[in-house]
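Asker:
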Amino acid sequence: MLSISNLQASVEDKQILTGLNLEVKAGEVHAIMGPNGSGKSTLSQVLAGNEAYEVNGGSVSLEGNDLLDMSTEDRAREGVFLAFQYPVEIPGVSNLQFMKTAINNIRQHRGQDEINAAEFMKLAKQKIQQVNLDPSFLKRGVNEGFSGGEKKRNEIMQMLMLEPKLAILDETDSGLDIDALRVVADGVNALRSPDRAVIMVTHYQRLLDYIVPDYVHVLANGKIIKSGGKELALELEERGYGWLGIDEKAKA
Amino acid sequence: MSESDKAVKDLIKRDYEHGFVTNIESETFEPGLNEDVIRRISAKKGEPEWLLEWRLKAYGQWLEMAEPEWAHVNFPKVDFNDIAYFSAPKSKDDAPKSLDEVDPELLRTYEKLGIPLHERARLAGVAVDAVFDSVSIGTTFKEKLTEAGVIFCPISEAVHKHPELIKKYLGSVVPQKDNFYAALNSAVFSDGSFVYIPKGVRCPLELSTYFRINEANTGQFERTLIIADVGSHVSYLEGCTAPMRDENQLHAAVVELVLLDDSEIKYSTVQNWYPGDEEGKGGIYNFVTKRAACIGKNSKVSWTQVETGSAITWKYPSCVLRGENSVGEFYSVALTNNFQQADTGTKMIHLGKNTRSTIISKGISAGKSDSSYRGLVRIGPNAENARNYTQCDSLLIGDKCGAHTFPYIESKNKSAVLEHEATTSKVSDDQLFLCQQRGIDTEHAVSMIVNGFCKEVFKELPMEFAVEATKLLEVSLEGSVG
Ligand SMILES: Nc1ncnc2c1ncn2[C@@H]1O[C@H](COP(=O)(O)OP(=O)(O)O)[C@@H](O)[C@H]1O
Ligand SMILES: [Mg+2]
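Same order as they appear, the protein sequences are chains C and B. Going by this note's numbering, 118 is the number at position 118 of the first sequence; the sequence numbering is gapless. Going by this note's numbering, 310 is the number at position 310 of the second sequence; the sequence numbering is gapless.
(1) Could you check which residue in C:V188, C:P35 and C:K25 has the C-alpha nearest to that of I246 (chain C)?
(2) Consult DSSP for E264 (chain B) and reduce its assignment to one of helix, strand or coil.
(3) Is there at least one Cβ from chain C nearer than 8 Å to A466 (chain B)'s Cβ?
(4) Once DSSP output is grouped into helix, strand and coil, what is the label at G240 (chain C)?
(5) Quick check on G452 (chain B) - is its C-beta less than 8 Å from some C-beta in chain C?
(6) Whose Cβ in chain B lies nearer than 7 Å to the Cβ of V183 (chain C)?
(7) With three or more beta-carbon pairs closer than 8 Å as the criterion, would you say the stretch 337 to 350 of chain B touches the stretch 311 to 319 of chain B?
(8) Within the 8 Å Cβ cut-off, does I4 (chain C) reach chain B?
(9) Just list the residues that DSSP pairs Y408 (chain B) with in beta bridges.
(10) Measuring only from the beta carbon, is K315 (chain B) closer than 7 Å to any heavy atom that is part of ligand 2?
(11) Confirm the yes/no value for this check: CB of Q129 (chain C), any heavy atom of ligand 2, distance under 7 Å.
(12) Look up R322 (chain B) in the DSSP assignment and say whether it is helix, strand or coil.
(13) Excluding the 5 residues flanking R107 (chain C) on each side, which residues of the same chain have their C-beta closer than 8 Å to its C-beta?
(14) Would the stretch 64 to 73 of chain B and the stretch 193 to 201 of chain B be scored as touching if the rule is three or more Cβ pairs under 8 Å?
(15) Roughly how many whole angstroms lie between the Cα atoms of I159 (chain C) and E238 (chain B)?
(16) Just to check my reading of the structure: N185 (chain B) and A252 (chain B) have Cβ atoms closer than 8 Å, yes? What is that Cβ distance to the nearest angstrom?
(17) Does the CB of A167 (chain C) have a neighbour CB from chain B at under 8 Å?
(18) Is A66 (chain B) close to ligand 1? I mean its beta-carbon at under 7 Å from any heavy atom of the ligand.
(19) Under 8 Å Cβ-Cβ, which residues of chain C neighbour D430 (chain B)?
(20) Tell me the DSSP secondary structure of F287 (chain B) in three-state form.
(21) Buried or exposed: which applies to H30 (chain C), given that a residue is buried once 16 or more other Cβ atoms fall within 10 Å of its Cβ?
(22) Residues of chain B with a CB under 7 Å from the CB of N95 (chain C): which are they?
(23) Spatial neighbours of E460 (chain B) within its chain, please: CB distance less than 6 Å, with the 5 preceding and 5 following residues excluded, ordered by chain position.
(24) Show which residues of chain B have a CB atom less than 8 Å away from the CB atom of R77 (chain C).
(25) Taking three-plus beta-carbon pairs below 8 Å as touching, is the stretch 365 to 381 of chain B in contact with the stretch 392 to 401 of chain B?
(26) If we ignore side chains and look at the alpha-carbon of each, how far apart do P213 (chain C) and V306 (chain B) end up?
(27) If you follow the beta strand (DSSP E) that M200 (chain C) is in, where does it begin and where does it stop?
(28) Which residues in the same chain have their Cβ closer than 8 Å to the Cβ of R110 (chain C), if we skip the five residues on either side of it in sequence?
(29) Could you check which residue in B:L225, B:C203 and B:S365 has the C-alpha nearest to that of S172 (chain B)?
(30) Using DSSP's beta-bridge definition, name the partner residues of S87 (chain B).
(31) Beta carbon of L22 (chain C), beta carbon of I225 (chain C): below 8 Å?
(32) Go ahead and pull the three-state DSSP assignment for P135 (chain C).
(33) For ligand 1, which residues have a Cβ under 5 Å from at least one heavy atom, in chain order?
(34) Count the other CB atoms, across all protein chains shown, that sit within 10 Å of the CB of D179 (chain C); report buried if there are 16 or more and exposed otherwise.
(35) Just to confirm, are I4 (chain C) and G39 (chain C) a CB contact at a threshold of 8 Å?
(36) Is the shortest distance between the beta-carbon of K412 (chain B) and the beta-carbons of chain C less than 8 Å?
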């Protein structure tokens with residue numbers, strides 16, 4: 001589904017990704033781990049198309065199409081979803097209005113009619129319940145005054161409504177209590193299917209108790225330096241990153 | 001190029017939807033202003049002698065006055081002798097007796113603007129008075145209003161039919177010599193709407209006046225007077241558009257609201273005069289004096305305005321809160337783009353006890369535009385326990401525009417409680433990125449964010465107007481209109 005080859009990217013003239021390779025097939029869940037500042041968020045943002053990051057080498061294809069050639073919104077419309085590490089607030093724009101606009105923009109791209117209002121409300125109510133948020137959150141401004149945990153649940157709610165082909169979760173688990181962590185895990189597991197793929201950026205092995213990944217990768221100095229199965233996460237938890245030749249503190 | 005830069009680029013390409021010109025035969029005075037012109041305007045309207053005297057007095061005062069220069073706007077001096085002060089569509093008789101006699105071309109114009117005036121397709125629940133250049137061309141739903149005792153007619157007609165009300169209240173809120181533009185208007189005003197709501201009557205319809213400038217080099221000087229008698233209630237809407245022309249055109253209106261005991265007036269404006277092109281050429285100079293006098297106790301007035309048009313806006317709808325417990329509200333959205341300049345705000349003059357006022361102002365600047373909020377809250381010595389809450393928010397789109405706030409507070413009574421909040425924010429790249437990442441294109445995203453910013457004001461608008469306002473912002477923000 002997703003094929004990343006020798007990807008290089010910089011931000012504000014600072015080279016962050018230095019030749020990253022990754023293959024993700026439909027149906028797979030990949031976990032990406034690594035010390036702070038190793039480039040995990042940069043990778044997520046570059047895949048989603050944030051123009052603050054400059055791609056200066058390599059290629060990425062999504063189902064055979066050149067992803068880097070597509071606009072941010074077209075990537076989203078083709079099924080790329082990013083759950084943000086730090087979701088921003090959009091005051092005054094209700095979650096409902098936001099999601100309806102998103103869904104209709106996506107439907108238009110696919111040549112479909114606008115979503116029926118009743119059908120949309122039903123979908124929204126169902127998904128907000130699924131992430132254990134009160135339905136009143138649908139009427140509130142996007143992330144406006146939400147707590148950290150509520151923001152993350154809201155990201156998952158959006159993901160469930162949009163049913164992306166490729167979901168990228170950037171440290172969605174960070175700072176969550178155990179209940180919220182369960183909500184996130186249940187959401188991702190509900191989305192798992194043979195024709196979808198998930199990339200989970202995480203700092204802790206904790207999340208992987210609930211979402212069992214097919215592959216675990218270690219990202220350091222802007223490239224993937226080690227890949228393995230789910231047992232690699234356990235090993236990292238036990239031994240840290242030092243044994244891989246990374247000075248964790250220097251990077252933090 | 002960053003996302004918001006791109007959004008601004010698209011914004012700047014916006015088109016003006018109402019820019020067409022109606023080809024209609026009209027009678028227009030030669031440009032220029034002198035006593036004779038005023039006499040001719042008055043004669044055209046068959047006015048009584050006292051009103052002519054009233055105009056001439058205003059003209060005399062205007063000659064003594066200087067244009068105000070304190071506003072945060074820049075423009076070449078207006079040559080008042082380059083302007084024509086009267087223009088009316090020529091019809092067989094002097095004026096159409098009913099809408100059925102109105103030139104079909106004019107009816108089509110209003111239809112194009114989304115204001116159907118003919119019998120079959122009137123706006124449900126809204127009575128409309130249409131003012132084309134200097135004259136009112138017709139008022140809908142006359143019978144229904146007459147039944148309720150409501151008077152809603154062109155002010156030129158009210159001069160003849162209700163002279164006692166006009167004599168008593170014309171100029172009672174905005175005196176002739178109030179300011180330069182008000183004096184000019186008092187001298188040359190051509191038409192406008194008159195509303196009287198009798199005691200205890202809740203007006204059964206929304207009342208609406210739609211102003212259209214068509215003729216070139218013509219100023220529009222309309223005059224609106226609304227009187228809410230004891231215990232009455234009315235909601236009044238005002239809309240305005242003009243063709244695209246390369247020359248600047250002057251619009252200097254006066255609106256007076258009179259509120260007696262326990263009455264309420266809700267006055268909403270969607271102002272979409274032609275703003276000029278992307279180089280700043282053309283557009284309307286909008287210099288307007290709007291003021292409400294809450295004479296009676298427990299009366300309440302709200303001004304809600306959405307301002308997207310005009311090259312220059314100079315406008316401060318105000319409330320004089322004289323009656324005890326009277327309430328004044330001001331809700332405003334002002335959007336400027338390209339080279340538009342807006343200096344707008346309000347004045348809340350607290351004179352009576354327990355008077356309260358609320359000011360919510362939302363300024364949006366894009367392109368190279370400049371927008372200023374100017375607000376005065378004055379508490380008189382007898383205004384025990386007066387309260388004001390002011391909230392003033394600015395939203396910047398791109399980095400070439402400006403927003404300024406000039407709040408003035410004068411309090412002569414220690415019991416007053418005054419609160420003021422102000423914020424300035426930008427449409428951030430992160431917000432745009434979030435929207436795009438969810439599949440929403442930049443234009444939709446910007447207009448959604450701007451609408452969200454304006455929400456507190458939009459919710460004060462009557463339903464049909466809220467929809468129109470949302471659409472208008474979208475159009476004003478769109479790269480082009482399809
Ligand atoms: N917008 C930015 N401006 C400057 N430096 C940045 C920016 N974003 C990220 N960086 C830097 O790039 C490096 C990688 O950051 P990031 O991708 O966020 O790492 P991670 O998500 O793995 O913690 C860090 O050194 C960080 O400080
Ligand atoms: Mg990160």
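Using N, Cα and C, we set each Cβ at its ideal position, and we do this for glycine too.
Answerer: Taking the geometry as given:
(1) Among C:V188, C:P35 and C:K25, the Cα nearest to that of I246 (chain C) is on C:P35.
(2) Residue state, collapsed to three classes: strand.
(3) Chain C has no Cβ within less than 8 Å of the Cβ of A466 (chain B).
(4) G240 (chain C) falls in the coil class under three-state DSSP.
(5) Closer than 8 Å to some Cβ of chain C, the Cβ of G452 (chain B) qualifies, so yes.
(6) Result: empty, since nearest Cβ-Cβ is about 20 Å, beyond 7 Å.
(7) Result yes; three or more Cβ-Cβ pairs closer than 8 Å.
(8) Taking 8 Å as the threshold, the shortest C-beta distance from I4 (chain C) to chain B does not fall below it.
(9) For Y408 (chain B), which the question treats as bridged, DSSP gives the partners B:L376.
(10) Not under cutoff, so the answer is no.
(11) No, ligand 2 has no heavy atom inside 7 Å of this Cβ.
(12) DSSP places R322 (chain B) outside both helix and strand once states are collapsed to three, so it counts as coil.
(13) Sequence-distant partners of R107 (chain C) (beyond 5 residues in either direction) whose C-beta falls short of 8 Å from its own C-beta, in its chain, are D113, E114 and I115.
(14) Short answer: they don't touch.
(15) Per the sequence presented here, residue 159 (chain C) reads as Met, with Ile not at that position. Between M159 (chain C) and E238 (chain B), the C-alpha separation is close to 43 Å.
(16) About 5 Å separates the two Cβ atoms, so the contact holds.
(17) Not closer than 8 Å to any Cβ of chain B, the Cβ of A167 (chain C) fails to qualify, so no.
(18) Of the heavy atoms belonging to ligand 1, none sits nearer than 7 Å to the Cβ of A66 (chain B).
(19) Within chain C, the residues near D430 (chain B) are V88.
(20) In this structure, F287 (chain B) counts as strand in the three-state DSSP scheme.
(21) The residue is buried, with at least 16 neighbouring Cβ atoms inside 10 Å.
(22) Near N95 (chain C) there are no residues of chain B at all, since even the closest Cβ is about 11 Å away, more than 7 Å.
(23) The residues are T304 and Y331.
(24) Within 8 Å Cβ-Cβ: G439.
(25) By the criterion of at least three beta-carbon pairs nearer than 8 Å, the stretch 365 to 381 of chain B is in contact with the stretch 392 to 401 of chain B.
(26) Whole-angstrom Cα-Cα distance: 53 Å.
(27) Unbroken beta strand (DSSP E) run through M200 (chain C): A197 to V201.
(28) Counting only Cβ-Cβ distances below 8 Å, and skipping sequence neighbours, we find R77.
(29) Nearest option by C-alpha distance: B:L225.
(30) In DSSP, S87 (chain B) forms a bridge with B:T28.
(31) At a Cβ-Cβ threshold of 8 Å, L22 (chain C) and I225 (chain C) do not count as neighbours.
(32) In the three-state DSSP reduction, P135 (chain C) falls in the helix class (H, G or I).
(33) Per the Cβ criterion, the list is C:V11, C:E12, C:I16, C:N36, C:G37, C:S38, C:G39, C:K40, C:S41 and C:T42.
(34) The residue is exposed, with fewer than 16 neighbouring Cβ atoms inside 10 Å.
(35) Not in contact: I4 (chain C) and G39 (chain C) (Cβ atoms no closer than 8 Å).
(36) No, K412 (chain B) lies away from the interface with chain C (no Cβ there is under 8 Å from its Cβ).
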